[in-house]
Each structure stands twice: as structure tokens, then as C-alpha cells.
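For reference, the structure discussed in these notes is given below.
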Amino acid sequence: MIEAMSPQLILLAPEMILFVAAVTVAILGLSKNHGIRASLPFITCAALIASIVAVPLTWTNENAQSANLLMPMLGRFVKPLLAGIGVLLVLLSVGSVDRKLEESVARGRMAFDAHRVVRGEFYAFFLLSMMGAMLLCNAQDLIWLFLAIELVSLPTYIMVAIGGSGNRNQEAAVKYFFLGAMSTAVFLYGFALLYGSTGSLQFLEIRNALVSQSEGSGIDTLATIGIILSLLGLCFKITAVPMQFYAPDVYEGAPTHVTAFLAFVPKTAGFTAMVLILTCVGWSGHTLIDSDGIRIPYMGLPTPIAAILWMIAILTMTLGNIGALLQTSVKRMLAYSSIAHSGYLILGLIVGATDGVEALFFYLLAYGVMTTASFAALAALERRGEEINSFSDLAGLRLRHPAMAWMLAISAASLVGMPPFIGFFGKIYLFIAAFEADQFGLVLAAVLNSAISGLYYLKLAIVPLVAPPSARSEEVTSVPSRWPFIAAVLCGVGTIVLPSIAGTLVAAARSSAQSSPIVLTASESKSKSDSKTNFKGSSSGALSAAPVTAPQALPTASTH
Amino acid sequence: MNQELSSGFTIASSAPIAVALAISALLFVIGLVGFLCRRNMIIMFLCTELMFQGAALAMIAFARLRMDVSGQVFVIFILTVAAAEAALALGLVVLLYRKRETLSADAWSDLGES
Amino acid sequence: MLLIWTSILFPILAAFAVAIGPTKSAKWTAFAGTLVSLGALTLFAWNFPAWHNAEHFPNTTGPSWIPQAGITFSVGFDTVSLLLALLSAFLMPLCIAGSFSSITERTKEYYGWFLVLGSSIILAFAARDAILFYIGYEFTLVPMTLIIAIYGGTERRVAAIKMFLYTFLGSMFMLATLLYIGWEHRLAVGAWDFDIDTLTKTTIRLPSSTQYWIFAALMVGFAVKVPLFPLHTWLPLAHDQAPTAGSVILASAMLKLGTYGNYRFALPMAPAGGAELMSVVAVLAIIAIIYASLICWVQTDAKKLVAYSSVAHLGLCMLGLFALNPVGAEGAVFYMVNHGLSTGALFLCIGMFYERYHTKDTDVVGGLAKRMPIWASFMVLFTMASIGLPGLNGFIGEVLCLGGTFISEHDGQSGYPGVLGPWYAIVAGLGLIFAAMYLLILLGKLVWGPLREPHDDAAHASSAVRLSPDINFREIAILTPLAIACIWLGLQPKPMLDAIAPCAERMLANYPKEVERLMAQSAGTPLASLNNTTNESSSE
Amino acid sequence: MTQLTSIPQAIIAPELSWVGLALLLPLLAAVACALCCALRVKGKAAAIITILALAASFGIIVKAYFAYTGPVQVPIFQWIDFEWGAGQFQSFNANCALYIDTLTLFWMLFVTGLGTLIAIYASEYMEGYCGSGYSRFFFGICIFLFSMSALVMGDNLIMLYLGWEGVGLASYLLIGFDYARPAAVAAGKKAFIMNRIGDLGLALGIFMLWANYGTLQYSELFAAMNKGGQTSVDWDLSVIPFLLMLGAFGKSAQIPLFTWLPDAMEGPTPVSALIHAATMVTAGVYLIARMYPFFELHPEALATVAWVGGLTALLAATIGMAQYDIKRVFAYSTISQLGYMFLGLGVGTSFGACYHTLTHAFFKALLFLTAGAIMHGFAGQLDLRKLSGLRHIPGWRIVSWTMLVGCLWLSAFPYTAAFFSKDAILLQALTSVRADFRFLGWLGLFTAALTAYYTFRVWFRVCAGPLHFEPGAEAHSESHDHHAPSTHAAHTTAPAAKSDHSFHPHAPRWAINGVLLILALGAVVVGVPAYNQAFAHKDNWAQQMIAGSSAMQGAGLAEDHGSQASVEHPKVLGMDAHTGLTIVGCTASIGGILIAWYFHLGSRKSADQLRAALLRRWWIRWVPICMENKWYVDEIYHFCFRLPMWLGSQILYFADRHFLDGVMVDGLAKIPIAVGKLFRPLYGGALQGYASTMAGGIALVVAWLSWIWLRGFN
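Chains as they are written, first to last, in the numbering used here: chain A, 1 to 560; chain B, 561 to 674; chain C, 675 to 1214; chain D, 1215 to 1928.
This is the structure we're talking about:
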């Protein structure tokens, strides 16, 4: 049955699994039986693991070829990454969704009332949002991109609202929702302008149109504004400078396991979307095969887009790091740190082509593991039923919860870029990519910023390990369920062990970063109408000519 | 009316598309300004809807210009997503109203750095 | 190759064993761990083939770690790095034995972190891949910060945080430069490769302006670790607050990472830039000598005094390195080893009397010769060693460093013209007088003179472990190997000097040409004649 | 440049390595003493070991003297030895090897000889410390002798430097022997630091030599000089003699760096006798004698040496006249006699200087040991106002008469050995071609008179005159823990009581008396070569010894002058040089003695009256005051060097802590936080606040884009 389905559909197998799981989880959430309700997170995990397994099975080369995607191997790396971290994020949330209701039902104080139970919906939305992020990788056109992004963000608004108890969640939800809606409108408008100037919604056609424009007198202004607006809209997702103000409040307000989710999944989705859009515009590293088969180097991002991205990167890094210095609340500080890390990641975007994107994905992997480690350590602890928030709660944590204290220290060390941990290798590889594109200024800024980040990450490491226990930290107890503890330990071990397989991870990231070569047939500049027809033929032909999956040798030394 | 679109897009020559674009930009800006100024959360949501419509109008204008149906398909999807968001927004607003008995967005500002 | 990896990884295994094992046996497992690591290294050194040539052994590149970035697991020693690794491996068991009585709570963590520190230091010395060196170099910070922050003195946390951030900023500069060098190599050859020798070969060919910046940035990165003059303020605080064993390892092994970094990276990789900047950096080294010696003179706290003295001593060591001739370079490397031995021993002695009197202030406690004669004799020996009394190890390092600076004039006939000159050596020589002054004042207060003991004997009695008034057998067993090493190196430096000689000459291979070019530039002779010499540079 | 008579070339003679034993034995003895100290040996084992070792090394040196054929280089083991190129300037070798020539033997003879004698003396003198410091003392003595022999016998300048610092360490350890007394510790520290300043001069001189000649071995250096020493004009060659001079003056306590020697008297007397009178302080003279040819590198070098020597002699003599402590007087007299030796070297007669060193070593050691005996017997009493008429006490006659012999020799009484050695120096000075040397000669004569005066001031005060004495401080303090009660009369009397019957000074036993007699005999014997030359007209043994070595170049000068003298018969006061000088010398010393007899034996109260009279007259008041306060040299050093440096380092320490660390480092860390506070209000918490900032950001970007578009357009 699988061969019958067209290649595009086969590639969507993981999403299908998640969707089915979402529906089942939503329904099971209403069952009276406590056991089933308790098992919901594990069903979600099972679905995610199934989707991880599905990817290598379905995402074979031929499918990728025939799927006519802009970045054929993108999903092969991003989807398992999302699902893998997703499993850890689910483990974080075990036992904390609907906790008060479940406890009162368990103690018999309240009869089970299907209307009030939220856990089922929470995990359903979790899976839906994850599905949205995965869909993004298969995007072929702007509509698909828009729908996937909305599918990622809408469930998150709800998860923030229903994830925990207390009015701080609602405030975070309202802020997140409204600002999210505004940013959606912005990038929608961007898409509209882009469509206007290039005349098509298909990525490949947009790319060809933009490339032919750039061959001529450069990308016209409408397209530039369109791209910039869509990038700014997506900056909301990745908490980059103009749009990052919501992050501290939402990360602090939302329950810790939801914050962990927000810190990773929307960010990955945002970056994947930006990669897709910028691939349309075309980086310097793209392989251009003109009519008689000669590779000509493409001169890269038009200056206004590159300049704005450059500004966004510098400002995000600096504001993120500087903002974090003043915080007394741990979650707020981690929010700023995730802003800072987005700044480093934009570096990968600017470098572009295969090196930048590859470094971006590898750093995303590293970032995902270490941020989830720190949030997991926080999620595994609580003080009088509420979440850990201020540093004084963590003072002298080593005495009562040594494992969690060490996990915090390890994640802090990895976040700051201390060598043996994965964070260091992420940063190193990012800097190497930046050097490939002669971005010395950016590397210097990143180096300076990670030195500044040392100030607050050291506080995060030293306070639990060395500071004497304070009155508040005496009352810190571990969360009833031990799964967050296991997730934290898993992430901690991950940051230490992953570097040993860094080589294979980088290779996987490299293959996913390949974008299909731009083919400029002689007839390209002729009228728009007939380009659509011969385009199909030529592109598929060209594709077979330059087998995408062959691990490409490093791009020829770009002109320096 | 199928003008050849030279690579350089000149606004002046094709009046109707310019008018449509101007209106959509206007819509977008009005939505944005309304979103910033009005305190009431429902009005704020309506303003975001307005911004969506602005984008949709621009999309339709370009579809018309390009004689390409995919623009309109996109608009349909925009509407559906706007509807989804409306449902979600109102659910959220009701939840907030029950908590704070007010619809003003300023009630919700105790997070953040004083 | 296996022996190297055992000496690096075994302490980490021992650290796990300590973490898992019972508290009581923690110290002995740690001790055994360090002994095994030392044994592996000495076995490796025993049949080390490259004692008399400048080659690395084993010079095969190891398994690749991140092939795309050219980072490999290649380890190998040349004589200089082997000597320094042996020094740190030699001091590790002594430190652990030294802290048996001083560390009473959280002992498992302490020994665990100590073992990790030891292994990362040896990794830094053994690394032949720039990034692997950086990993070893950088990771020493984490255990050191924790050791100081947990087991240190009163304001230990401030000292630990300052040390971490200061060194972290410095090493970040260094990382950026290493990557830039890798990038220049990538431009020249086409692929990323971080092997130190290949990087050196490409950086030599770079234009002198780029080399200028590379040298400056590397120098800043390493100057923080070797505390050169303006960047040294973290060291006295760290030493003052660190536990005894911590400050021994900090003084004798970690500071050597900075000087070794200069020896391995800054000097050989940027000869053109180096030649220009050499006089500036030498002036800094001299200021360090005079400045730190003067400050030592007014110190009352014994540990701070020895800390500032190591700033002065390493200033002289760096001066020897900047003399750009074999005498200076060999003297500098010899000085690194000696400084590790004598200053490490001094810290151990101070630690021993601190354990008994719980104060480091020489105004309060003094005249211990009466109470602790054996300790006093060791103290006198090690002070004389660090003053540089002939017959002990300090002297030879000092003589060679000063001698090197002396003959490193432009028109020196030693075949290695340099940028310094007799006046640099004369001013640095003043440091010798001050060295005698402040160390003797320390000796005069601590050892000689009437017996002064802190009157609050309660502190004396309360120390958990009742220590005999004079140093007991364990402490003597710690100090005797150091004393023997000091005397042996003082009387028989020849084998070590011969071992260092080829490496020093190889490191300085490009400098004579660069200095002549610099002189020609400054003298305004047309560069054309010299240009052809630079591009067909000597490729080893 | 006077034509250099070539210095005989040393031949490598490994078979003479048994001479190395003279170097090795003291080291082994030192290790043995250290073991005794560690094992807390109670008895006098350490003394016996040391005496045997020193006697054996003396025997070896004597055997070497008889087996001596010519200058010999004996390699023992390779110490610092490496080269990086073939060229002359491309190697640095300083191996542990010996350079034996007549100068070395001349020096080693009296060093080991005196060392043995003084070790015997010390074995009894230090009985009091038997339990607690005895072996540590002899450890110091052995270290000293090892370093001294390394210094003298060393084959290259680095071995000399090793010995140089070694003797500095030994003097530091021995001065600060009684470490309970802070004064002793401070004196030890002062000695070491002053020496260290001198050592810096020496070290720089050595480096200069190495930089210019490429080698540090005497044989090669002299070979270079034989080929015609370059007295080039460029500064780094001509500065070498001055640097070596600085080292010599530091060690031999000359003008700039002499204040440490009087304070070094805090150490036990055998130390003062051996180290600070006979052997260590002569190291400076040895250095200049050994490196004599290099002092030709600068025309004025030798003149400076002469001037410094002459002025020091005068200064020290003036201070010596006004001291009341016997050991201080002898310390200043040592400085003054050393001044003479440097004068001799400066004016060109290295033979005169070396011979005077020999004679001085004997009689000064004798004087110190007698002072030590007095101090030992009278419980630490050394003030010459409180001791009188010692020779009348039974058992003290040997001490008094040997002291008389010492004083006669010191004041250069006619036809004593010292008279001839001082005469050789003054003859050379008075008959020299240069006017300033002649002036220095007359200055030396005047100082000789002063010397005679203050020497016999001590003798007449202490030994002659009515019998009266007061015990020193140690008798009345409770028995020192390190002074075994047995040696002192236990009964205590009020310190002020003048009655002498209550305190019986215990006379020195055979060890001290025996050594004193031998030394007195030695002082006489040492004069024999001079008597041969003066009366039997055979040439002087010492002159031959010096002539056969690198100091030869100096001796050559003497003959030239001698020959010139015979040609022009330079007149001294109109008479022939030799006779003239003898007459003047006799008048000076006898005159000094008579004046001392009048003031300190004839009418003692007239001395006090004279002093009071001088103090009354304002224009002469400063003379006695300055003399008694040692011309305030210590205070000057304190204010010119020590105080400003101490203040400077306090300021530096403050700056390091607060400016460099506080402002720079912490300030740097505070910048990001300050900037962070700047952006803080943006995160106020209001939803619309965030929305407006975001919208502002977007508007900014779009505005910038359209601005570019417009600019691009027109």
C-alpha cells in the first residue's frame, strides 16, 4: 500500500502517526479510569518514538527525489531531532498536567468530571504542535509553510494556558497569543508581497524567479520587503531581537514543562521556516547549473537582507546575554539565555548555503539537549507545590538533591560553551561556518557574548553546588513522579556523551542542509506562463543529473 | 488587462493593483494601530483579524494581477486559520474574564521586570 | 600511544571509583589513581625515542573526531610537553597526599575533582590537535573553580568566580584566534585541519600584519594564564583562598599551561608578528618582575607573598622565552619545571604550618624553627631554591634566562639575533635582589626569630586531626621527593637541558630571519632583497 | 696599554682529580653534620668530623702545592654544558672543574689552614650549644668551606658565582645562628641582601664577559687576553671591570656596601674570625686578583679600585676609633685593612695586596679569637670600658700576650710581617707615576697611624691598666636554655656591683689557648718570606706564588715600577724609596701607639676630657658624634633606599588591589550589567508595551528598506 502512495504522502508518515496518536490521546483523556489517564504521556512518547523510527524507513533517497522538495533531505535530520527532544519534553510534563484535579480525584474528594479534565487535550495539542513542526520540513509552497507554522503556534497558546495551575499561566498565555497573532499577520503580509513579486507560491518557482531577478538587476524591492517582513514575523518564533520581548514573561509564566517545549519546538520550527525562505532567496553556496551544465557560484543574499540579519544577530546575542545578568528568577534567566542562543543560531543563517545551515542544525541539536537539561532539572523540583523560580530556592541544592544540582551545573557549563560538553562543539562548528563566510565581526561578537554569558551561567552552576542553603531552599522537594528526574539525568548524560559521536551528528546535519541545485534553463527568462510547464521537466532532469544525496564536497573556495 | 510584467515592477502604470495594494496596506496599518491602542482584548483580537484581512486583500490583488488561482487558494486558508484563531482567542478571553472580571489587557501585567 | 591515554583517562576512572566507593577509602583510591597515571607517563618517558630530536612521538594523527572540522584525537609528546606533563603528574600524588589531613568534609568530591583536574592538565600537554589542547586547557578551569569555591578560605567564592571569568575571557580570545588560524589553513590548503604542526607550517607563510594580530591575540589569551603584568590580578586572590593542594597545582601545573601555550602556539606560529611585538611583551615581563617583587616585600600573608613571587618568577621565565635564542628558550623551559617544583613545595610547606596554626599572617605566627625544626630546614631549602641559590635548581633557570636576554641583541653573534639587550637583563637582574629580599623576609619571620604562636590555642586544638607539632612522616615523605628533585636538577641539569635543546631550536627556527627583516625594515633598507627570503621560508 | 706578559696556558690534567677531594670533603662533612643535626646527636661528633675533613683538605692542598708544576685544569663532572652552533659565541658551558695555579694554592693554603684551626677553636667555644645547635653550626662551617673552595678552585666564573652565593648563604646561616635573637636574624638578612646586591654586579659582569668573549672559563678568557685584550671604547666591554668591582666591594665590604660587616658580629666569634675576617671577605680581593688582566679594559678601572680602597680604609679607621665594643673595633679594622688590599690592587701591586691578605688573615683571626675568648670567659662582656688589666688575671696571660702580638701586627709595628706587606702596598702607591696614587699613599700612611692608635686603644684598655671587670649580660639572665648551667658560675650578683671577687671568669682551656699560640706563631712565620727578601735578599715566596698566576700581569707592573724606580730613584721625602718608607712607616705606627698609650693607659680620664672638650666646640662637635654613629651610613641607606622603596611598594600594592583589580577588572565586569539596566524598562510587563516595541522595530526596518529603495531609485 505504501508504494502506491505518491512520494509526498509517504514522506508524511511520521506526521500521520502523530495525528492518529493525538486523536487517541484526546479521547482517552476523557476516560474515567485513572490508569488510562496516567498512561497518556507514555502513549505520546510511544507515538513520538514511532515517528522517529518511521523517518529513516520512509525518507529514502528515491522518495526524497521524487518529492520535488526545496531541501529534499531536510526532514531526515530535523524530524528525528524534534521527536527525540519531544520525548524528553513529554517526560518532563509527566504528573504535572491537571495535577490538582487528579490528586483530588484520587483522594476521592471530587468525582471525576470529564468537562474539567485537561490532560488529554494537553497531550493532544502537544502532538499536534509537534506534527506542525514536522510538516514544515516537507513544505513545498507558502501555503503549506503558513499552515504548518500556524499548526505549531496555535496549540502552544493553549498549552501555555492549561499546562499548569495559577493565574501566571493565563497572563503568559494572553501575552503569547496576542503577540503571536500579530507576528503571524506580519509574516502573512510578507508572504503576500513575496507572492506578488514572484508570481508563484511554489518554493522552487519562487526561487527560480528570484534567481532570474537577481541575474537581472537584483531582487526587486517588493520581494525584498516581503522576505524581510516574513523573516521578522518568524523572528517572533525564534525570539530574535525586535520580537523577543514576550519571551521572558511567557517563559516565566508558563509551567516549566511547557516553557521547555516553547524553548525548543517553536524555535526549531521558526529556524526551519527561515531556512526554507532564505533558500528561496539563495545563498552564496548554492550550486547553479546554467543551461550548458557549468556550475556558476551564486553571489548570495542580497545586501539589505544580509545587513538586517547581521543586525538582528548582534542585537539578539547582546540583549539576550545582557538581559540575563540582572535576573533573580531562574526561568527568566533561562529565557534570556535562549534569546542569546537564538542570536548565535542566526549566525548560521547569515552564513547560509550548506555550511551555515548545517552548523545551525547541529547547534540546534546541542541547544535542545542542554536547554531541556536545565528545564528538566527545574521541573523535577518544587517548593511547597509550586515551581522553583528564584535562585535562593536553588542555594545549596547539592545537599538535598545532588543529582539535580549536578545536572544544572552540567547544563550551565554546556550552555556557556565549556569544552568537553556538546555546547562547546556546537559553538565551535558555528564559528567555523562563520569563518567560511568571512564573518569575522560576528565571530568576535559571539566570542565576547559567550564570555559575558559566563557571568550568569557560572551563577547558575555555583549557586546550587557551593552556596550555603537558604531558608527557601530547605523546603525544596522533588516532584512526586520520578520521570522528570529521569529526563534530566538523560539530558545531562546526553550533553556529556554526545560529543563523542559529534562526527556522525555533523555528517547527518550536513546531509540535511543540502538544497536542490537551482537550474537556469536558457528559456528561463522567457515569458512566465510557459516556464511552469518546462520547468517540471527540466528540474526533475537536472535533479537526476546532480544526485543530491552524494555528500557534497565542500563548496569551492568562495571568492575572497 | 494581462499586462506583461517586466521584471521591474512599476506601480504607476497599473492603477487598480496599486489601489488594492494601498487599501490592503491601509487595512494592515489600521489593524496594527488598533491592536496597539485599544485596551479591550476582544477589540485587540479583531484588529489582528483586520491585519489578516489586509494580507488576504493583498494576496487577492496579486492573484488577480498574475491571473493565478493559487493566491485565492491561499486566502481561503488564511480565512480558515483566522477562524481557528478566533475560536481560540475567545476561549482564552472568556477564561481571563472569569479570572479578573475585566477585559482590559492592562490587568495582566504583573509578570515582567518592575 | 596507549600509555598516554592511560595516563589521561585513568584518573577519570579513578574519579568515578572515588565517587562510587566509600568515603573512607576515597583518598587512597585517588592516590592510587594519580600514581598509576604517573607510572604510565614515566614508563612512556622511559622508552621515549625522541629525547634528543625535536620530533613529536607518536607523530601519527589519531582517530578523527569531527572530520568536517578537521578535529582529531591525536596526542603525542615532544620533550618539552613530556617534561611538563611529568612535572604535573609528579605533583599530583604529592598534592593528594598533602591534603589528607587538611580536607575533612566533602572529601570524595574533592578527590574526584582533583583527579579530573590532573587528567585534563595532562591532556592539554599531550594534545597535538589545537582544539584538543583547548579542551584540556579550558576544562582545567571547572575543577579548579570548584576546588577553590568549595574548599577555599573565607571569600573563596569571589576568588573562584573571578578566576573563572578572567581566564574564560582570555581563553575565548585564544579560541577565536585558533579558529582563525584554522581558517587561514583552510584557505591555503582547502580543508580544515587543526593539527598543530600543520597549522604552524601555514601560519609562518602568512603576511606579517596578520601574524602581528595572531601573535597579539594569542599573547593576550596566554598572558591571562601566565599572569603577565596587567592581567595578573586574579592570581593572588585565587592562591590566597585556594586550599593548599589547590594552590600547589594552580601554581605548578596550571600556570605552566600558559607558558607552554606561548611556547607551543604564540611564538612558533607568528614569528613575524612575534618579532615586532617581542620588545613590548618583554617590557611587560620586566615590569611584572619588578612590580610583583616590590609588592611581595610588603605582604604579611605568606600565601599571597608566594603568589606574587610566582608572578615575578614567571615574568623572568617569559623574558627568557622572549629572548629568542636557545639559551633563553632552554632557560625558560627549565625555569618552568623548576618553578613548579620550588613554588609547589613552598605552598606545601605553608600549607603544613597553616594546618597547625590556622593563620597565614606572618605577623601573628613566626619563629617556627624552634617548634618545627625539620619543617624549617625544608622551608629554608625551598626558599633558597626559589631565590636561585647556585647548586639548587632555581639558579640554572635564572642564569640561562638572564644570559639569554643578555645576548639577544640585534647584532649578537650568537646566530640568533634578538630584540632585547643587556639593559633588559640588567633591570631584570634587579628582580634577583628583590627576590632575595622578600623571600628572606618571609623566612626571617616564619622560621627564624623568637617563637610567636597565635594565642588562641583553641583553634589549634580544634583541628579535627591532631597534628604533631613538627611535620609527621607523611609530610616528610611528600617534601623529600621535591627536595631531591630540586637538588638533583640543581647539580645535574645537563640531561634535561640536552633534552630541551633540540625543541627550543626548532621553535626558534624562523626567528633569526624575522628579526633581521625587522631590523632591515627599521633600518629602512629596501625590502626587496629580503622579500624573496620570506616566501621560500624554511619548511621543516 | 702596557705589554701583557703572557699568562701561562693551563693544561688539562684529569689525573689530578684527587685535588677535587679538597672540594668534596667539606661537602661530605656538611652532609654528615646535617645527619648529626637531624638525629640530634648530643656529643661533639660534628666538630670532630669537620676538623678531620678540613685537616684532610688542607693536607691535599699542601700535597697539591708540592706536586704543582704549572697551571692545571681538572675536569670533575659536566654541570651546565650545551651548544647550539659551532661558532665561538654559540655555546654555554660551565662545568664543575678546577683551575689550579699558584694563586689558587696560595689562597687555599690559608683558607683551609685557618679553617682547621678555627674549627678546633670552635669545638670548645661552642660547647654551650652542645645539645641544640652544635652540629648545625658545624654544618654551616662545612658549607662555608665547600663554597669557599669552590669559589677559589673553580675553573669558570659560574663556579666562582656558585662559591660566591654559597659563602653568602653560609654567612647568612651562621650570623643568624642564634636565631632566638631578632638582632642576629636581622643582621643575617642584611648581610645576605647586601651580598646579593654585590652578586648582581658580579652576575652582570659574568654575563658581559660571556656576551663579549663567548666563554666563561679562565683558561679561554686568559688566552683571549693574551692575544691582546681589546680595550675597545664601546661601553659593554669597558663596563666589565666596574661590574666585577661592584661584586668584589659587596663581598669584601667596601664603601658602598660595607655596613653589613659590623652587624655580622652578631654571629658567634669563630664565625666572625673565620668568615668575616680571614676568608670570605678576601673573596673580593681574590676576584680582582684572578681577573686582573680584565681590569685593563678600562683605563680608570684600577684607579677607582685604589680610590675606593683608600677611602674605605680611612672611613673605617675613623669609625673604629670611636667604638666601644671590641668585636666592632676589629670589624672596622678588617674593613680598613681590606681597603688597604684594594688600594694595593688599585695601584698595581697585586703581590702586595695578596701578601697583605695572607698576613691580615692570620693576625685578624688571632685578634678575633682573643676577643672571643674574653667574651666567652666574661659571659658576653665586650665593652672595653668595663674590662681592664686582664693580663694580671692568672690563666689569661696567653690571651693577653697573643692579643698583644695581634695588635702589634695590626698596627704594622716595624719589622712585623704586616709591616712588610703594608709597606709593599704603600711603596707601590708612593712611588707610582700618578699623583693621585701618591696622595692615596700618604693617606694610607695617615690611616696606618690611626690604625695603630685604635688597636692599642683596645689593648691598653683591656689588657693593661688596673685590674677591674664586670661580667657581661649573659651571666645574670636566668640560665639560657641553650647555655648549659655548668659552664657559668651559677651564683648571681647584682650586675652593678663592682666587686670582682663575686664573679670568677673561667679561663680558656687548652683548645683555645693552643689555637691562639699556633696563630701567633703563624703570624710570625708568615713574615718569613718578607724577612728573606728584606734581609737575605732572596725573592719573596709570596711574590713568586702571585707572579705565577693570572695576577701576574699586576706583578709585572710592580717590576716595571721597580725598574723605573731604580732608574729614577723616586724619592720619598728626599730619601731612597725603601729606606724613606720604612722611616715614615715606623714613625706612623709608633706614634699611634704612643698616643694610644698616653690616652688609654697613662691618663684615662684625659681621654674623656678630650672628648668633652671636642663636644663643647660647635665647629668640631660633628666629628666625634659622626664617628660614634658610624657616619650615619645605615640611616642614609635607610632613608635613600629602603624607605622610598617600602613606600613605593605599599602604593603599588594598594594600586594593584584597588585600581588594577578593583577599577579595571571589576569595572569591566560591571559594564554589561549597567547596559542591561539600560534596557530593563523595555520588559515592563504590559502587553501593549511589548506590541509597540515590536511594531516600532518592524516599522524601523521597513522604513530603512524603503529609504534604500528610494535612494536606489533616483
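Glycine is no exception: its CB is placed at the ideal position from the N, C-alpha and C atoms.
Between the alpha carbons of residue i and residue j, how many angstroms are there, rounded?
i       : j       : result
D:M1362 : C:A1003 : 32 Å
C:T991  : A:N389  : The sequence as given places Cys at residue 991 of chain C; Thr does not occur at that position. Computed Cα separation, rounded: 50 Å.
C:P1064 : A:Y367  : 57 Å
A:F55   : A:F126  : First, the amino acid is wrong: residue 55 of chain A is Val here, not Phe. Using only the alpha carbons, I get a separation of about 19 Å.
B:V654  : A:E121  : 18 Å
C:V754  : C:I1174 : 6 Å
D:N1426 : C:P1128 : 55 Å
D:W1836 : D:L1829 : 8 Å
A:L231  : A:A395  : 41 Å
A:P484  : A:V476  : 15 Å
C:K836  : D:T1907 : 36 Å
From this set, the options, which residue's C-alpha is nearest residue i's C-alpha?
i       : options                               : result
A:H568  : A:L364, A:G108 and A:G29              : Given that chain A is displayed from residue 1 to residue 560, the structure contains no residue 568 of chain A and the question cannot be resolved.
B:V593  : D:H1512, D:H1606 and D:G1903          : D:G1903
D:S1625 : D:G1736, D:K1541, D:P1722 and D:S1803 : D:S1803
A:G352  : A:G199, A:R510, A:M159 and A:I314     : A:R510
D:A1281 : D:S1231, D:L1268, D:A1261 and D:A1244 : D:S1231
D:G1342 : D:Y1500, D:G1594, D:D1450 and D:L1457 : D:G1594
A:A240  : A:T328, A:L345 and A:K175             : A:L345
C:L1113 : C:V1011, C:A986 and C:L676            : C:A986
A:E215  : A:G282, A:M130, A:L460 and A:Y429     : A:G282
A:R398  : A:V416, A:A377 and A:A269             : A:A377
Quickly, what does DSSP pair residue i with across the bridge? List them, please.
i       : result
C:F731  : C:F751
D:V1288 : D:L1312
A:L399  : According to DSSP, A:L399 bridges with nothing at all.
Next item on the list: Can you give me, in chain order, the residues of the segment 154-170 of chain A that have a beta carbon less than 7 Å from any beta carbon in chain B?
Entry: L154, Y157, I158, A161, N167, R168 and Q170
Next item on the list: Quick one: which unbroken alpha helix (DSSP H) runs of 4-plus residues sit fully inside the segment 29-94 of chain A? Chain order, please.
Entry: 34-58, 61-66 and 74-93
Check: Using a Cβ cut-off of 7 Å, which residues of the segment 242-257 of chain A contact any Cβ in chain D, in chain order?
Finding: Within the segment 242-257 of chain A, the residues whose Cβ lies closer than 7 Å to some Cβ of chain D are P242, M243, F245, Y246, P248 and D249, listed in chain order.
Note to self: Closer than 7 Å between beta carbons: that is the criterion. Which residues of the segment 1897-1913 of chain D meet it against chain B?
What the structure shows: So the close ones are Y1897, G1898, G1899, A1900, L1901, Q1902, A1905, S1906 and A1909.
Next item on the list: Starting from the N-terminal side, write out each stretch of the alpha helix (DSSP H) that is 4 residues or longer and does not extend beyond the segment 117-172 of chain A.
Entry: 119-137 and 142-163
Check: Unbroken alpha helix (DSSP H) runs of length 4 or more, entirely within the segment 783-855 of chain C: which are they?
Finding: 804-813 and 815-825
Margin query: Any C-beta of chain A within less than 7 Å: which residues of the segment 1174-1198 of chain C qualify?
Written below: none
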